[in-house]
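Structure record follows, encoded as structure tokens.
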Amino acid sequence: ISDKKKLLGNGLLWLLADAYGLEEIWAGMLHPHAKMFGCTGKEEVMRFKRRLLLPKNKQVSIRNTPNYRIDAIHQIDLPNRVIVADFECMLEGNEGRGTDIPKFDEDWKVVQVEALRHGAAFRSS
Numbered sequence: 002i003s004d005k006k007k008l009l010g011n012g013l014l015w016l017l018a019d020a021y022g023l024e025e026i027w028a029g030m031l032h033p034h035a036k037m038f039g040c041t042g043k044e045e046v047m048r049f050k051r052r053l054l055l056p057k058n059k060q061v062s063i064r065n066t067p068n069y070r071i072d073a074i075h076q077i078d079l080p081n082r083v084i085v086a087d088f089e090c091m092l093e094g095n096e097g098r099g100t101d102i103p104k105f106d107e108d109w110k111v112v113q114v115e116a117l118r119h120g121a122a123f124r125s126s
């Protein structure tokens, strides 16, 4: 498999995990020193993602509707191991559009994610 296909595949897997709150995938893909959304380190990022993206009802293992819809992959930047994806956030209170930019290390672990909201401000609580 080419590195470009590995980048795209890992990027899509990461986006799928966020779209459906797949904690096992986050745990396997996060670099120990990952940085995103004001969080640093795998455990802090995992706590943030659990709070934001997992169902509040502990009896439910997966949301009935996705957290996000991924509309397009705009760029596969192989030299920098970055993909650029458009999304629509479906989370109540955080609805809106944006661009997600996950960055991978040489072992295909997520080291950083930047997100740009196109409209209203994002609320993490």
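In the working numbering, each residue's number is its place in the sequence shown (first place is 1) plus 1.
Even glycine gets a Cβ: it sits at the ideal position worked out from N, Cα and C.
message = Closer than 8 Å is the cut-off here; do at least three beta carbon pairs connect the region 90-99 with the region 10-18?
response = No: fewer than three Cβ pairs fall under 8 Å.
Residue nearest to residue 128 in terms of C-alpha spacing, selected from 37, 49, 28 and 27: There is simply no residue 128 to check, as the chain begins at 2 and stops at 126 in what is shown.
- Message: Please list the terminal residues of the continuous beta strand (DSSP E) segment that includes residue 117.
- Response: Unbroken beta strand (DSSP E) run through residue 117: 111-118.
Residue 47 in three-state terms, based on DSSP: Helix at residue 47.
Report the option in 32, 85 and 52 whose CA atom is closest to the CA atom of residue 116. Residue 116 has its Cα closest to that of 85, out of 32, 85 and 52.
Practice prompt. Just mark residue 4 as buried or exposed, buried being the case when its beta carbon has 16 or more other beta carbons within 10 Å.
Written response: Counting Cβ neighbours within 10 Å, residue 4 comes out exposed, since fewer than 16 surround it.
Span of the beta strand (DSSP E), counted from its first residue to its last, around residue 97: Its beta strand (DSSP E) spans residues 97-105.
- Message: On the criterion of 16 or more Cβ atoms from any shown chain inside 10 Å, does residue 106 qualify as buried, or is it exposed?
- Response: Classification for residue 106: exposed.
Is the CB-CB distance between residue 110 and residue 30 below 9 Å?
Contact: yes.
*asked:* Give me the residue from 45, 6 and 70 with the minimum Cα distance to residue 20.
replied: Per the Cα distances, 70.
Next item on the list: For my contact list, residue 8 and residue 79 are in at a C-beta cut-off of 8 Å; report their separation, rounded to the angstrom.
Entry: At roughly 6 Å, the Cβ-Cβ gap stays under 8 Å, so residue 8 and residue 79 are in contact.
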